[in-house]
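Report on the structure given below.
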Amino acid sequence: MFSHSSLFPLVSGLLPFTRGECRIAIGEPAPEFRLLDQNRTIHELSEYRGRWLVLYFYPKDDTPGCRAEACSFQQDLSRLHEMGVELLGISTDTVSSHLKFADRFHLSFPLLADEAGEVAASYGSLFKLGPLKFAKRRTFVIDPDGNVAAIFRKVDPDLHSEEVVAALLRLDDSKANQPRPG
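Per our numbering, the sequence shown starts with residue 1238, numbered consecutively.
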């Protein structure tokens, strides 16, 4: 029997694939979205105006790297909230898959279902292999004005949450040190 890892090289040689390259840059407006979370609540980017937002894309619910990343973010969630930061995870999994994943690992932040991959594509974070599509592991920090403040393209799932918290602290310091008009 083939494992997923042994099938990938075989299948990847037969099917066309595309990688969503990051089309947005720091300082640009973050692409809008409207997606359901694991509790069937709708989330839109516009509802987060006035607050910092961490939007992290991940490939697949309940896989080792995605589990490590989600659990690390869960451990740092109260710290993020103390900093005034909201957290959303996004993958191409279904709402029901997200519910099982969140319940199994006691994740209390929203996991958004981008089943069509359109939001991942708009953030340059979609990987397609023939009919299969996955979100690439990337994170975007969005400032209170709705602009991209930081992009993480290379992510170590075990350490990423700490990296994001450190970046948010640096961003907060840089905003505090900017001259104010008047």
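Built from N, CA and C at the ideal position, the CB exists for glycine as well.
None of these values were measured; they are calculated from a predicted model.
Quiz item: Apart from the five residues just before and just after THR1278, which ones in its own chain have a Cβ nearer than 8 Å to its Cβ?
Solution: Along the sequence shown, read from residue 1 onward, the residue named residue 1278 stands at position 41. Cβ neighbours of THR1278 beyond the five flanking positions: PRO1347.
Practice problem: Measuring alpha carbon to alpha carbon, tell me which of ALA1403, HIS1280, CYS1308, TYR1360 ends up nearest ARG1341. | Solution: The residue given as residue 1341 occupies position 104 in the sequence shown. Looking at the Cα atoms, CYS1308 is the closest of the given residues.
Quiz item: Counting Cβ pairs, one atom from each stretch, are 3 or more of them under 8 Å apart for the region 1296-1306 and the region 1382-1391?
Solution: no
Exercise. Please name the residue, chosen from ASP1313, PHE1270, ARG1260, PRO1368, that lies closest to LEU1396 on a Cα-to-Cα basis.
Key: Locating residue 1396 in the sequence shown gives position 159, where the first residue counts as 1. Of the candidates ASP1313, PHE1270, ARG1260, PRO1368, the one whose C-alpha sits nearest the C-alpha of LEU1396 is ASP1313.
Quiz item: Who are the Cβ neighbours of THR1329 in its own chain at under 7 Å, not counting the five residues just before and after it?
Solution: The residue given as residue 1329 occupies position 92 in the sequence shown. Taken in chain order, the residues that qualify are ASP1351, GLU1352, GLY1354, ALA1357, LYS1370, PHE1371, ALA1372.
Quiz item: Given that a residue counts as buried once 16 or more other Cβ atoms are within 10 Å of its Cβ, and exposed if not, what is ASP1274?
Solution: Looking up residue 1274 in the sequence shown gives position 37. It is buried - the Cβ of ASP1274 has at least 16 other Cβ atoms within 10 Å.
Quiz prompt | Between the CA atoms of LEU1292 and ILE1327 - distance to the nearest angstrom | solution = Looking up residue 1327 in the sequence shown gives position 90. Looking up residue 1292 in the sequence shown gives position 55. Cα to Cα, the separation comes out at about 7 Å.
Quiz item: For VAL1445, does the three-state DSSP call read helix, strand or coil?
Solution: The structure shown does not extend to residue 1445, since the chain is modelled only from 1238 to 1419, so the question has no answer here.
Quiz item: Can the beta-carbon of ASN1384 be found closer than 8 Å to that of ALA1262?
Solution: Within the sequence shown, numbered from 1, the residue matching residue 1384 stands at position 147. Within the sequence shown, numbered from 1, the residue matching residue 1262 stands at position 25. Not closer than 8 Å, so no.
Exercise. Please list the segments of the alpha helix (DSSP H) lying wholly inside the region 1279-1358, counting only runs of 4 or more residues, in order along the chain.
Key: Those alpha helix (DSSP H) runs which fall completely within the region 1279-1358 and span 4+ residues are 1301-1319, 1332-1342.
Quiz prompt | Close Cβ partners of PHE1270 (< 7 Å) along its chain, the five nearest in sequence each way excluded | solution = Position 33 of the sequence shown, counted from the first residue, corresponds to residue 1270. Contacts found: GLU1281, LEU1282, VAL1356.
Practice problem: Provide the residue span of the beta strand (DSSP E) that contains ALA1387, from first to last. | Solution: Here residue 1387 refers to the residue found at position 150 of the sequence shown. Note, ALA1387: beta strand (DSSP E), 1385-1389.
Quiz item: Which value, in whole angstroms, describes the spacing of the CA atoms of PHE1338 and ARG1407?
Solution: Your numbering for residue 1338 matches position 101 in the sequence shown. Your numbering for residue 1407 matches position 170 in the sequence shown. When rounded, the distance between both Cα atoms is 31 Å.
Quiz prompt | Unbroken beta strand (DSSP E) run spanning LYS1370, endpoints | solution = Within the sequence shown, numbered from 1, the residue matching residue 1370 stands at position 133. Note, LYS1370: beta strand (DSSP E), 1369-1372.
Quiz prompt | Which residues DSSP lists as bridging ARG1375, in chain order | solution = Taking the sequence shown and counting its residues from 1, the one referred to as residue 1375 is at position 138. Paired residues: PHE1294.
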